[in-house]
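2 protein chains.
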Amino acid sequence: MKIDYQPIEWLGNRVRILDQTKLPQKETYLVTDDYRKVAGAIKELKVRGAPAIGIAGAYGVVLGALKIKAASREEFLKQVQKVSDAIASTRPTARNLFFALERMQKASAKGKNPEEIKKALVTEAQKIHKEEADATKHLSELGAGLMKKGWTILTHCNTGPLATSGYGTALGVIIATHKQGKKVQVLADETRPLLQGARLTAWELKKAGVPVTLITDSMAGHFMRSGKVDCVITGADRIAANGDTANKIGTYPLAVVAKENRIPFYIAAPVSTIDMKIKSGARIPIEERGADEVLRFNGQLLVLDGINAANPAFDVTPNRYITAIITDKGIIKPPYLEGIKKLI
Amino acid sequence: MKIDYQPIEWLGNRVRILDQTKLPQKETYLVTDDYRKVAGAIKELKVRGAPAIGIAGAYGVVLGALKIKAASREEFLKQVQKVSDAIASTRPTARNLFFALERMQKASAKGKNPEEIKKALVTEAQKIHKEEADATKHLSELGAGLMKKGWTILTHCNTGPLATSGYGTALGVIIATHKQGKKVQVLADETRPLLQGARLTAWELKKAGVPVTLITDSMAGHFMRSGKVDCVITGADRIAANGDTANKIGTYPLAVVAKENRIPFYIAAPVSTIDMKIKSGARIPIEERGADEVLRFNGQLLVLDGINAANPAFDVTPNRYITAIITDKGIIKPPYLEGIKKLI
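Chains as they are written, first to last, in my numbering: chain D, 265 to 608; chain A, 265 to 608.
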């Protein structure tokens, strides 16, 4: 699989981020050496998708560290921590961001002086980047083994190379299946409010040559009940130790309706998305974003002025609705508590 | 309840239709004596909602009949039938349109000559209009008896006065509950692709003074699972003899998730929505609308050029997910086959 676009690239002392809020109409880039701009890009979803924001966060720490003038190791580490905290405060749900920041912290602890720490951070961020890309490649190939010839696969949100800086998670599995000549086709949920499915998934599948039909999120149930869907596969933003999974808002009802219609429901995610410190989905923090994302479309108000909207960005799918979790370290089947523990 | 707007008004020899595609930003009207313009307004959703399109269809037949010059009764009836067929071909799913056209046909059969038939058609259309408005008033009050103080009620699409030319069906129940001082609040699904929830339901609830929070369709499951929803209530476009119900796309998954979370799921509709000739939901024709409604927003393409979209306008909720069907003739509980037969 050849990917001719990259959501994040390290340019030595700057990072280049493909602005996903402008896709598919415009392919524009943010090039910056300012960690605050990276944090802003994560917050504003210029870079999004759990694995990709982990990678962007790691490079953000590098950019912040490269500019710190402190001479003492202690003072330097203190200032790196401030950079890391600013990046951590951008988005609360995706585990991969914290996974990356924790790795960056460990890497910095090993350096003896600011110069060594800077080098260690650059190395670690690139390592995270490469490992996450490799992980998605591996899980995509593992997941493709579960997909059958001629299947129609339903997916939600965007989980391709744009979301991962690699092959993709759920979309990686689909594209790997396509490459194996299994002639699958995709029903892609548009994914309101920000239309990542319509804007990004349809764009990526078209580039990959996979037949795709766009539907509104509300149509998925109809197609499942009509026997038109062979499996549902989505990515994940955080997986608890028991397999409960937070993912883009709208994932949970897909899982319920899939189960009701005996359609397999798969989660695809690298192990960096698993949070062993969180026992169940009830403890996963759910990001609440601004009401304007629901009330407005391209700046234009959809409703009368003065109407309220809610905007939880994720929901939690309890483990009992999940047929299998596809990771780079293997495919986990129920019971998840044991399966995940064994894998990690 | 005072309603200061009317989706359809009969002006003697013309009909006035509030253009719902422009709401809530603009309150514009179509005034016409041309039945083809009424048919166009139904097709383009200028007038929409199962009861309202029945009423509009009846007035369309009147407008067509008033212009027929045929001298013989037979030739006149033949031409009326052509008008009726043109109106019948606009939208296939909502039962109320065919219910109204069948009543208009029966009324015309009684007239002895063209002049008598014209008078009979005018009278019958106004009777249908009044009866449908009265039916929604009655079912709203019956349904309010099921709603409890302080409830948060989730609804989908638009089912208020705009959709019915009366109180409303599901929204009528909510507004009647509010008028009883039960202090309910509403979570309104925006209802993609045409945003009837965002544009119309939020507008009508605001006018009625009912607290409303707008959500995307994909958020409904999250709020149900989080214990924030006390009941779900929607309208219906066609109810089969066994209670299976076709309604706006996205209704079926709401019903499945409601059942999964032990939340009551109600359908509210006048008996004119029940189709005794259709044994089960599998036989209800589902309208497939143009892909552009999904691909574009206010004319602007959301996706890359060349992406396909599906656009089924309705889905079918099997009777086993429905807690009760609220009609103007009474509240029907399972088993529906017997309950509906007894009521009709």
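Every residue gets a Cβ at the ideal spot worked out from N, C-alpha and C, and that includes glycine.
9 Å Cβ cut-off: residues of chain D touching residue i
| i | result |
| --- | --- |
| R456/A | E454, R456, T480, D481, S482, M483 |
| V558/A | E454, A462, L478, I479, T480, M483 |
Contact under 7 Å by Cβ, residue i with residue j
| i | j | result |
| --- | --- | --- |
| D297/D | R280/D | no |
| T285/D | L309/D | yes |
| R643/A | D539/A | An answer regarding residue 643/A cannot be provided, because it is not within the stretch 265 to 608 covered by chain A. |
| N422/A | Q460/A | yes |
| T416/A | K492/A | yes |
| G405/A | A373/A | Note on identity: in this sequence residue 405/A is Glu, with Gly being the wrong assignment. No. |
| L478/D | A466/D | yes |
| Y269/D | V347/D | no |
| T357/A | R502/A | yes |
| P425/D | Q449/D | no |
| K443/D | K413/D | no |
| T581/A | A484/A | no |
| E498/D | A573/D | Per the sequence presented here, residue 498/D reads as Thr, with Glu not at that position. Their beta carbons are not under 7 Å apart, which means T498/D does not touch A573/D by this criterion. |
| V311/D | A320/D | yes |
Assumed close pair residue i, residue j - CB separation to whole angstroms, cut-off 8 Å
| i | j | result |
| --- | --- | --- |
| D579/D | Y516/D | 4 Å |
| M411/A | A389/A | Contact flag wrong, Cβ pair sits at about 33 Å. |
| G430/D | Y530/D | 18 Å between Cβ atoms; not a contact. |
| V325/D | I306/D | Wrong, their Cβ atoms sit about 12 Å apart, outside the cutoff. |
| L282/A | L464/A | Going by Cβ atoms, the distance from L282/A to L464/A rounds to 11 Å, so no, they are not a contact pair. |
| R337/A | K376/A | 7 Å |
| T419/D | A452/D | 6 Å |
| A427/A | A364/A | Not confirmed; about 15 Å, so no contact. |
The beta strand (DSSP E) enclosing residue i, as first and last residue numbers
| i | result |
| --- | --- |
| G554/A | First-last for G554/A: undefined, no H or E at that position. |
| R280/A | 279-282 |
| E273/A | 272-274 |
| D579/A | 578-581 |
| L459/D | No beta strand (DSSP E) holds L459/D; DSSP gives it neither H nor E. |
| R502/D | 502-504 |
| A532/D | 529-532 |
| N525/D | No beta strand (DSSP E) holds N525/D; DSSP gives it neither H nor E. |
| Y293/A | 293-296 |
Exposed unless 16 or more other CB atoms sit within 10 angstroms - verdict on residue i
| i | result |
| --- | --- |
| S490/D | exposed |
| L566/A | buried |
| V437/A | buried |
| E468/A | buried |
| G563/D | exposed |
| R526/A | exposed |
| S482/A | buried |
| L403/D | buried |
| L644/A | Only positions 265 to 608 of chain A appear in this structure, which leaves residue 644/A out of reach. |
| P549/D | exposed |
| L271/A | Reading off the sequence shown, one finds Pro at residue 271/A, where the question assumed Leu. Buried, because 16 or more other Cβ atoms sit within 10 Å of the Cβ of P271/A. |
| A546/D | exposed |
N- and C-terminal bounds of the alpha helix (DSSP H) containing residue i
| i | result |
| --- | --- |
| Q345/D | 337-352 |
| V450/A | No alpha helix (DSSP H) contains V450/A, which is instead part of the beta strand (DSSP E) from 449-453. |
| T441/D | 434-443 |
| W467/D | 466-472 |
| Y269/A | Premise fails: Y269/A is in no alpha helix (DSSP H) and is neither H nor E. |
| V476/D | From DSSP, V476/D is part of no alpha helix (DSSP H) but of the beta strand (DSSP E) over 476-479. |
| A408/D | 378-408 |
| A329/A | 314-330 |
| Y600/A | 600-607 |
| A364/A | 359-374 |
| I306/A | 299-307 |
Interface residues of chain A facing residue i [CB-CB closer than 8 Å]
| i | result |
| --- | --- |
| R463/D | L566, V567 |
| K470/D | L568, G570, I571 |
| P549/D | Within 8 Å Cβ-Cβ: nothing; P549/D doesn't reach chain A, min ~14 Å. |
| V448/D | Result: empty, since nearest Cβ-Cβ is about 15 Å, beyond 8 Å. |
| H442/D | Within 8 Å Cβ-Cβ: nothing; H442/D doesn't reach chain A, min ~16 Å. |
| K312/D | One detail in the question is off: residue 312/D reads as Arg in this sequence, not Lys. Ordered by position in chain A, no residue passes the 8 Å Cβ test against R312/D, which lies about 16 Å from the chain. |
Interface partners of residue i on chain D, CB under 7 Å
| i | result |
| --- | --- |
| V474/A | Here the premise fails: no neighbours, minimum Cβ distance about 12 Å. |
| L459/A | L566 |
| P288/A | V567, L568 |
Chain-ordered chain A contacts of residue i [CB-CB under 7 Å]
| i | result |
| --- | --- |
| E366/D | In chain order: nothing, as chain A lies at least about 28 Å away. |
| A574/D | T477, I479, M483 |
| A466/D | V567, L568, I571 |
| V521/D | P517, V520 |
| E524/D | V520 |
| F561/D | F561 |
heavy atom of the ligand GDP below 6 Å from residue i C-beta
| i | result |
| --- | --- |
| Y323/D | As far as ligands go, the structure on display features none, and thus does not contain the ligand GDP. |
Neighbouring residues, chain A, relative to residue i (Cβ below 9 Å)
| i | result |
| --- | --- |
| D508/D | In chain order: nothing, as chain A lies at least about 11 Å away. |
Closer than 7 Å at the beta carbon, the chain C residues around residue i
| i | result |
| --- | --- |
| H486/D | Absent here is chain C; the protein component of the structure consists of chains D and A. |
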